[in-house]
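Visitor:
2 protein chains.
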Amino acid sequence: MISQSNHQDKRKDILSAALKLFVEFGFHGTPTSKIAAEAGVANGTLFHYYKVKDDLVIALYNDIKNELNRYITSKTSCGDSLETKVKTMFIHFIYWALDNREKFYYIHQFHLSPHFSKISPETIHEQSLCHIGLITEGIRAKLLKPLPVEFLLTIIGSHVFGIYQYLTKTQFSEKEQKKVINDSYEMLWCMMKP
Amino acid sequence: MISQSNHQDKRKDILSAALKLFVEFGFHGTPTSKIAAEAGVANGTLFHYYKVKDDLVIALYNDIKNELNRYITSKTSCGDSLETKVKTMFIHFIYWALDNREKFYYIHQFHLSPHFSKISPETIHEQSLCHIGLITEGIRAKLLKPLPVEFLLTIIGSHVFGIYQYLTKTQFSEKEQKKVINDSYEMLWCMMKP
DNA sequence: GTCTATATCTCGATAGAC
DNA sequence: GTCTATCGAGATATAGAC
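Keeping their order, the protein sequence lines are chains A and B.
Here the first sequence stands for residues 1 to 194, numbered as in the numbering used here.
Here the second sequence stands for residues 195 to 388, numbered as in the numbering used here.
Structural data, given as structure tokens:
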């Protein structure tokens, strides 16, 4: 248990060091030596946990994706109406992105890199399950336009990223930020409703 | 004139080789030696045109951006109504993206990389001028929601990228593709109108 | 599991002939 | 302007002591 805990810590240290540096300098711009240094471990240790650099890049992605999904899922209560669920999910998605900028940025950085092709379609599908369920339900309840789930999923995803981009480009007061998020939600809703 | 033409050709060869390889293997994954080989020039020649690799990365971005803007601008005629202009611009934006997948992909790959920070805000603004004008006009004419131009610009941009992603993820017949684009336009419109 | 030391390799960039 | 040849830096990954 204790040795396992130590084990876990180094792993996590390497992951967060990698996240910080990848976001700032890109995959290429960050040598494993710098990651190890930032994590406070030796170079060789990094390769003990991740046989090759790409393994680290991919593990970091899966790690973040899972964290995001766990967070989003934890925020919707079964008792809520479908509309409430959708709104809750959307709002929390945005707030998660704002509270975890590096992680959210990394997800997209990863998507736009050759590494993404190494994630199997099954894994991608699995990682979208929590969204897919809600959208499917929404269509059935005639709350959303009767369009392919994949299509709505993609559109919502890019909408969220757009809002993230806008909100992080400029410094906003909390009140302004809230207004932007509300406006965005209204817009999303107008776009999606039948 | 003739020597200038040769000059231009090598430049272009290097740029298109770089585009092809950057999109497939990433900035880091493509050594200058491979770019030179793909372009059919010697390694040293590449460095004659671009002193350092980053110069090439940036030049390629600006080149593509300008081409896209020239294309978009060329498609709107002064006589058209504002609504027609907006629709024309949107549709052609999508079609340009589909006809120039590598270029469109590269734009976003570049945006999500540390290189983007090397583009000055003035240049960025300049490169958005053709869109900004239309959006400003649209707001004034009460065709679009009275929100910050920057905000609408960002949202539209990510909407377009979302559609691009969806359309390139799967193979569609021409008819299906047209339907997706039309649906997307309707959705954009619902989202933006006051 | 973790460290130090280092092998091996590749890449970006330069020098200099043509 | 274009090429060939090459240098030097810095990268990933490994070996082996602890």
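Using N, Cα and C, we set each Cβ at its ideal position, and we do this for glycine too.
Buried or exposed: Ser378/B, going by 16 or more other Cβ atoms within 10 Å of its Cβ?
Guide: Taking the second sequence and counting its residues from 1, the one referred to as residue 378/B is at position 184. Result: buried.
Visitor: Using a beta-carbon distance cut-off of less than 9 Å, what residues from the stretch 321-333 of chain B approach chain A?
Guide: Cβ contacts with chain A: none found.
Visitor: For the stretch 287-357 of chain B, which segments carrying the alpha helix (DSSP H) assignment without a break, of at least 4 residues, lie completely within its bounds, in sequence order?
Guide: 295-305, 315-334
Visitor: Buried or exposed: which applies to Gly332/B, given that a residue is buried once 16 or more other Cβ atoms fall within 10 Å of its Cβ?
Guide: Against the second sequence, residue 332/B aligns to sequence position 138. A residue is called buried when at least 16 other Cβ atoms come within 10 angstroms of its Cβ; Gly332/B meets this threshold and is buried.
Visitor: Where does Gln171/A sit, in a helix, a strand or coil, going by DSSP?
Guide: For the purposes of this step, residue 171/A is taken as the residue at position 171 of the first sequence. Coil at Gln171/A, not helix or strand.
Visitor: Here's a check: name, in chain order, each residue in its chain whose Cβ is nearer than 6 Å to the Cβ of Leu152/A, leaving out the five neighbours to either side.
Guide: For the purposes of this step, residue 152/A is taken as the residue at position 152 of the first sequence. If we look at Leu152/A and ignore the five residues flanking it on each side, its Cβ neighbours are Ile135.
Visitor: DSSP on Ser16/A, reduced to helix/strand/coil?
Guide: In the first sequence, counting from the first residue as 1, residue 16/A sits at position 16. Ser16/A falls in the helix class under three-state DSSP.
Visitor: Evaluate Ser5/A with the Cβ neighbour count: other Cβ atoms within 10 Å of its Cβ, from every protein chain shown; 16 or more gives buried, anything less gives exposed.
Guide: Along the first sequence, read from residue 1 onward, the residue named residue 5/A stands at position 5. The predicted position of Ser5/A is uncertain, since its pLDDT is 43 and thus under 50; a value taken from the coordinates is nonetheless stated next. It is exposed - the Cβ of Ser5/A has fewer than 16 other Cβ atoms within 10 Å.
Visitor: Return the CA-CA distance between Ile357/B and Ile288/B, expressed in angstroms with no decimal places.
Guide: Start at 1 with the first residue of the second sequence, and residue 357/B comes out as number 163. Start at 1 with the first residue of the second sequence, and residue 288/B comes out as number 94. Using only the alpha carbons, I get a separation of about 8 Å.
Visitor: Terminal residues of the continuous alpha helix (DSSP H) containing Ser268/B?
Guide: Stepping through the second sequence from its first residue, residue 268/B is reached at position 74. Note, Ser268/B: alpha helix (DSSP H), 247-269.
Visitor: Taking its Cβ as the centre, do 16 or more other Cβ atoms sit within 10 Å of Lys245/B, making it buried, or is it exposed?
Guide: Indexing the second sequence from 1 puts residue 245/B at position 51. Burial call: exposed.
Visitor: Within 8 Å, do at least three Cβ pairs link the stretch 68-75 of chain A to the stretch 83-102 of chain A?
Guide: Short answer: they touch.
Visitor: If you drop the 5 nearest sequence neighbours on each side, which residues of the same chain put their C-beta closer than 8 Å to that of Pro146/A?
Guide: Numbered from 1 along the first sequence, position 146 holds the residue referred to as residue 146/A. Closer than 8 Å at Cβ, skipping near neighbours: Ile139, Pro194.
Visitor: Between which two residues does the alpha helix (DSSP H) harbouring Ser275/B extend?
Guide: Position 81 of the second sequence holds residue 275/B. Unbroken run through Ser275/B: none, as it is neither H nor E.
Visitor: Does the Cβ of Thr348/B have 16 or more other Cβ atoms within 10 Å, making it buried, or fewer, making it exposed?
Guide: By 1-based counting over the second sequence, the position of residue 348/B is 154. It counts as buried.
Visitor: Which chain B residues sit within Cβ distance under 8 Å of Met191/A?
Guide: Residue 191/A sits at position 191 when you count from the first residue of the first sequence. Met381, Leu382, Cys384, Met385, listed in chain order.
Visitor: So, Thr32/A versus Leu21/A, is the Cβ gap smaller than 8 Å?
Guide: The residue given as residue 32/A occupies position 32 in the first sequence. The residue given as residue 21/A occupies position 21 in the first sequence. Not a contact, by the Cβ cut-off of 8 Å.
Visitor: Among Asp13/A, Ala37/A, Leu129/A, which residue has its Cα nearest to the Cα of Val149/A?
Guide: Start at 1 with the first residue of the first sequence, and residue 149/A comes out as number 149. Comparing Cα positions, the closest option is Leu129/A.
Visitor: Beta carbon of Glu107/A, beta carbon of Ile64/A: below 8 Å?
Guide: The residue labelled residue 107/A in the question sits at position 107 within the first sequence. The residue labelled residue 64/A in the question sits at position 64 within the first sequence. The amino acid occupying residue 107/A in the given sequence is Ile; Glu does not appear at that position. Yes, the Cβ-Cβ distance between Ile107/A and Ile64/A is below 8 Å.
Visitor: What distance in whole Å lies between the Cβ atoms of Ala39/A and Ala59/A, which are believed to be in contact at a cut-off of 8 Å?
Guide: The sequence position of residue 59/A within the first sequence is 59, counting from 1. The sequence position of residue 39/A within the first sequence is 39, counting from 1. Not really, about 14 Å apart at Cβ, beyond 8 Å.
Visitor: For the stretch 277-309 of chain B, which residues have a CB atom closer than 7 Å to at least one CB atom of chain A, in sequence order?
Guide: His302, Gln303, Leu306, Ser307, Pro308
Visitor: What is the DSSP secondary structure of Ala39/A, counted as helix, strand or coil?
Guide: Counted from its first residue, the first sequence places residue 39/A at position 39. Correct three-state label for Ala39/A: helix.
Visitor: What do you reckon, are the CB atoms on Gln371/B and Leu361/B nearer than 8 Å?
Guide: Residue mapping note: residue 371/B aligns to position 177 of the second sequence, counting from 1. Residue mapping note: residue 361/B aligns to position 167 of the second sequence, counting from 1. Here Gln371/B is near Leu361/B, since their CB atoms are less than 8 Å apart.
Visitor: Counting only C-beta atoms, is Tyr196/A closer than 8 Å to chain B at any point?
Guide: Chain A is shown from 1 up to 194; residue 196/A falls before or after that span and cannot be answered.
Visitor: Could you tell me whether any Cβ in chain A is nearer than 8 Å to the Cβ of Ile266/B?
Guide: Looking up residue 266/B in the second sequence gives position 72. Using beta-carbon distances, Ile266/B does not count as an interface residue toward chain A, since no partner is under 8 Å.
Visitor: Return the residue from the list Lys85/A, Ile181/A, Phe27/A that minimises the CA-CA distance to Ala97/A.
Guide: Within the first sequence, residue 97/A is the residue found at index 97, counting from 1. If we check each option's Cα against that of Ala97/A, Ile181/A comes out closest.
Visitor: Which of helix, strand or coil does DSSP assign to Lys193/A?
Guide: Taking the first sequence and counting its residues from 1, the one referred to as residue 193/A is at position 193. Coil at Lys193/A, not helix or strand.
Visitor: Suppose contacts are defined by Cβ-Cβ distances below 8 Å. Is Pro308/B in contact with Phe161/A by that definition?
Guide: Residue 308/B sits at position 114 when you count from the first residue of the second sequence. Residue 161/A sits at position 161 when you count from the first residue of the first sequence. No, the pair does not count as a contact, with Cβ atoms beyond the cut-off.
Visitor: Shortest alpha-carbon distance to Leu56/A belongs to which of Leu15/A, Val23/A, Arg70/A?
Guide: Within the first sequence, residue 56/A is the residue found at index 56, counting from 1. Here the closest residue by C-alpha is Leu15/A.
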